[in-house]
Every structure is written in structure tokens, then in C-alpha cells.
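Inspection log for the structure reproduced underneath, given as C-alpha cells.
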Amino acid sequence: MDISAGGGGNSLPTTGADGSKRRVCYFYDAEVGNYYYGQGHPMKPHRIRMTHALLAHYGLLDEMQVLKPHPARDRDLCRFHADDYVSFLRSVTPETQQDQIRALKRFNVGEDCPVFDGLYSFCQTYAGGSVGGAVKLNHGHDIAINWAGGLHHAKKCEASGFCYVNDIVLAILELLKYHQRVLYVDIDIHHGDGVEEAFYTTDRVMTVSFHKFGDYFPGTGDIRDVGHSKGKYYSLNVPLDDGIDDESYQSLFKPIMGKVMEIFRPGAVVLQCGADSLSGDRLGCFNLSIKGHAECVRFMRSFNVPVLLLGGGGYTIRNVARCWCYRQELHLVMS
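Pasting the structure below:
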């Protein structure tokens with residue numbers, strides 16, 4: 001099978017270093033594709049449904065444990081987010097938003113992060129998948145996947161960049177219950193600002209972001225931003241130029257991440273796999289192929305550390321579905 005529309009390529013083995021079969025679980029809720037940010041909005045949850053349909057078409061669903069996520073509860077979301085922000089997300093609707101103008105402004109909900117039907121249920125679903133994946137890793141799974149997650153811009157008290165709830169932060173907090181150190185790696189074209197900010201002062205979480213820097217959303221992620229207090233040197237930013245290709249990307253990614261793994265020695269890895277760094281993305285400006293993008297995943301899995309794979313950006317949806325499906329194949333087909 002050739003999901004990447006290239007050659008067959010090298011796939012990851014589904015056995016670990018000790019010869020045991022890798023345990024893979026995949027979180028999917030069939031309702032996720034029904035949520036709609038609004039006409040003309042580039043974020044389309046329908047891409048998650050398209051990815052799932054491709055996985056089914058190639059027979060990959062039979063090769064892993066497929067789970068419907070339990071919706072995250074208020075108290076789960078409030079492990080990171082402010083109570084009043086969560087309460088607002090739960091209560092606001094398209095019909096009532098005009099009565100909450102001050103709250104909309106306060107919580108940065110508007111054009112980029114609109115109010116739409118089922119907004120809170122959407123947040124509960126994608127956050128539940130990421131937290132559920134972390135729980136599975138904590139209890140012995142090697143790989144957990146939630147393509148609906150990876151919404152890395154959300155802050156403690158506000159929405160940002162199409163993201164309302166930061167499922168990544170919530171998943172990392174869950175992993176920290178069992179692991180002394182957790183590594184977060186972000187290959188979305190946009191800087192993973194919400195996750196970096198959440199863990200900027202701790203040495204238990206290292207954040208590494210490869211992103212387009214400069215006059216580009218969110219405008220953060222300078223190479224000089226390295227963390228603060230106990231977290232100093234536990235944030236690493238790799239700002240990149242327009243048009244970077246597979247070879248140039250890997251010439252940075254592999255030596256950097258190899259050294260990070262050697263020095264930091266995490267108990268678990270969270271990998272945000274935003275597909276807007278692919279060539280031809282509607283909002284992107286990089287020139288990565290699907291195989292080049294997936295090589296980052298293959299490289300991180302080569303360390304045999306439990307990994308949580310999450311989605312993120314990606315706005316040319318046919319490419320997003322192919323990219324994420326190909327990544328999943330890497331974990332399920334023998335090399």
C-alpha cells in the first residue's frame with residue numbers, strides 16, 4: 001500500500017527492542033467530523049473523518065485498538081484552564097454570544113476562534129482523546145494516537161489560533177503522574193506557544209518546536225527563548241525559513257532530537273504532528289513531503305520510548321488525511 005503517493009518507503013517495525021509486539025491504540029469519535037467552525041474558516045474537523053475513512057480503506061483499523069474517547073469533564077479541563085474560562089466555553093452558544101460581548105473579548109473568542117454549535121462538546125471530545133491516550137501510555141501501551149488533538153495555541157484563560165482547550169498540556173499533566181520527565185516535540189509550522197508557556201518554568205517537561213518564525217502567527221518562538229527559573233534550557237525553539245525541504249529539515253531535526261533524547265532521557269514523548277508544514281498547505285510555506293514529515297515520527301519511535309501522536313494544523317485536508325494515515329501505517333506494518 002502506498003498512502004504517501006510515493007514509493008513504499010521504510011515502515012516502522014511493530015515489535016519493540018525486546019521482540020514484543022508494540023501496543024497501539026487509536027482514539028476516534030465519529031461525531032468529530034460534524035463540528036463546523038463556519039463558512040470560509042480554514043479549520044475543518046471533517047479532516048479527522050477523512051483520515052479515519054482512509055485508515056478503514058487500507059485495513060489499518062484491524063491492526064490496533066480503536067477506542068472512543070471519554071469526553072473530558074469540567075474538572076479535567078480545569079487541571080490547566082481557569083474555571084471561569086471553562087464555564088464560559090460550556091455556556092456560550094451562537095444564539096447567546098451577543099449577550100456576552102465582554103466575555104468574548106476577554107477570552108479571545110471571535111473570528112479565529114468562533115462560537116459554533118457544539119463547541120464545548122468538541123473541546124471535551126478532542127481533549128478526552130489526548131488525555132485517554134496519556135492514560136494508555138501510563139498503563140503499558142507503546143503508542144497512542146489522537147488526530148483530533150494537538151491544539152497547541154490555547155492558553156490557560158483564552159482561546160488562540162483555532163484552539164480552545166489545550167489538550168496537549170492536559171495530556172502531559174497526565175503523563176507526569178507516572179513519568180519524571182516528558183518531552184514535547186512540535187512539527188506544526190506554527191510555534192507551539194501554548195504548550196511552551198504552560199511548562200516554561202519546570203525542568204520536568206522539555207518543549208521543542210520546529211516552526212516558521214518572523215512575521216508569522218503567533219510571532220513567538222525565538223531561538224533565545226529557552227525557559228525560565230527551573231525551566232531554563234528546557235525550552236528549545238528552532239525557527240525555520242520559508243520553503244525548507246525534507247533534506248534540510250532532517251539535517252536539523254535528527255541531530256537536535258538525538259541530542260535531546262540523549263541528555264533529557266524522557267519517560268514519554270508527545271509529538272504534535274501538525275500537517276500545515278507540508279508542501280502545498282493552504283496556510284503554510286514549507287516544502288515537506290508526506291514521507292519527509294513522517295520521517296520525524298519514525299526517528300522519534302526509534303528510541304523505543306512511549307509516544308503520544310497528536311494532530312494539529314493542516315488546512316489542505318486531502319493532504320492532511322494522507323499524511324496522518326501514512327504515519328499510522330508506519331506503526332502497523334512490518335519493515
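In terms of the UniProt record's numbering, the sequence shown opens at residue 1 and continues consecutively.
C-beta atoms are modelled at their ideal positions from N, C-alpha and C, and glycine is treated no differently.
None of the values given here were measured: they were computed from a predicted structure.
Using three-state DSSP, classify residue i as helix, strand or coil.
{"i": "PHE253", "result": "helix"}
{"i": "LYS155", "result": "coil"}
{"i": "PHE122", "result": "helix"}
{"i": "CYS25", "result": "strand"}
{"i": "ASP245", "result": "strand"}
{"i": "GLN65", "result": "strand"}
{"i": "ASN166", "result": "coil"}
{"i": "VAL238", "result": "strand"}
{"i": "PHE299", "result": "helix"}
{"i": "ALA148", "result": "coil"}
{"i": "ASN304", "result": "coil"}
{"i": "LEU278", "result": "strand"}
{"i": "PRO13", "result": "Here PRO13 scores only 39 on pLDDT, less than 50, and its place in the model should not be relied on; the value that follows carries that caveat. DSSP places PRO13 in coil when its eight states are reduced to three."}
{"i": "GLY7", "result": "Because GLY7 sits at a pLDDT of 33, beneath the cut-off of 50, its placement in the model cannot be relied upon, and the point is left open."}
If the criterion is Cβ atoms closer than 9 Å, does the pair residue i and residue j meet it?
{"i": "GLN124", "j": "VAL185", "result": "no"}
{"i": "CYS163", "j": "ALA171", "result": "no"}
{"i": "GLY36", "j": "PRO42", "result": "Looking at the sequence itself, residue 36 is Tyr, so the reference to Gly does not match. Not closer than 9 Å, so no."}
{"i": "HIS190", "j": "LYS212", "result": "yes"}
{"i": "GLY161", "j": "ASN146", "result": "no"}
{"i": "HIS293", "j": "ILE143", "result": "no"}
{"i": "GLY314", "j": "LEU278", "result": "yes"}
{"i": "PHE80", "j": "ALA198", "result": "yes"}
{"i": "PHE116", "j": "PHE122", "result": "yes"}
{"i": "ARG181", "j": "ARG265", "result": "yes"}
{"i": "ASP281", "j": "GLY312", "result": "no"}
{"i": "ASP193", "j": "ALA127", "result": "no"}
{"i": "LEU310", "j": "ASP84", "result": "no"}
{"i": "ILE256", "j": "VAL226", "result": "no"}
{"i": "ALA148", "j": "ILE48", "result": "yes"}
{"i": "LYS68", "j": "ASP112", "result": "no"}
{"i": "VAL270", "j": "LEU236", "result": "no"}
{"i": "CYS285", "j": "ASP215", "result": "no"}
{"i": "HIS141", "j": "CYS325", "result": "no"}
{"i": "HIS228", "j": "VAL195", "result": "no"}
{"i": "VAL205", "j": "TYR233", "result": "no"}
{"i": "GLU329", "j": "TYR58", "result": "yes"}
{"i": "PHE210", "j": "LEU240", "result": "yes"}
{"i": "VAL92", "j": "ALA103", "result": "yes"}
{"i": "ILE317", "j": "MET50", "result": "yes"}
Any heavy atom of the ligand SAM within a distance shorter than 8 Å of the CB on residue i?
{"i": "VAL260", "result": "Only the bare structure without any ligand can be found here, which leaves the ligand SAM out of the picture."}
Residue i bridges to which residues according to DSSP?
{"i": "LEU271", "result": "VAL185, LEU309"}
{"i": "ASN287", "result": "ASP245"}
{"i": "ILE143", "result": "VAL24, VAL307"}
{"i": "SER130", "result": "SER130 is not bridged to any residue."}
Assuming residue i and residue j make a contact with CB atoms under 8 Å, what is their CB distance in whole Å?
{"i": "THR202", "j": "GLY221", "result": "Contact doesn't hold; Cβ gap of about 18 Å is too wide."}
{"i": "GLY129", "j": "PHE27", "result": "4 Å"}
{"i": "LEU175", "j": "ALA268", "result": "5 Å"}
{"i": "LEU61", "j": "ALA321", "result": "About 14 Å separates the two Cβ atoms, so there is no contact after all."}
{"i": "LEU137", "j": "VAL260", "result": "Not really, about 19 Å apart at Cβ, beyond 8 Å."}
{"i": "ILE223", "j": "CYS296", "result": "Contact doesn't hold; Cβ gap of about 19 Å is too wide."}
Q. Going along the chain, which unbroken runs of the alpha helix (DSSP H) with 4 or more residues stay wholly within the segment 172-232?
A. Within the segment 172-232, the complete alpha helix (DSSP H) runs of at least 4 residues are 193-198.
Q: Any chance you could list the alpha helix (DSSP H) runs of at least 4 consecutive residues sitting entirely within the segment 87-124, in chain order?
A: Listed in chain order, the complete alpha helix (DSSP H) runs (minimum 4 residues) inside the segment 87-124 are 101-106.
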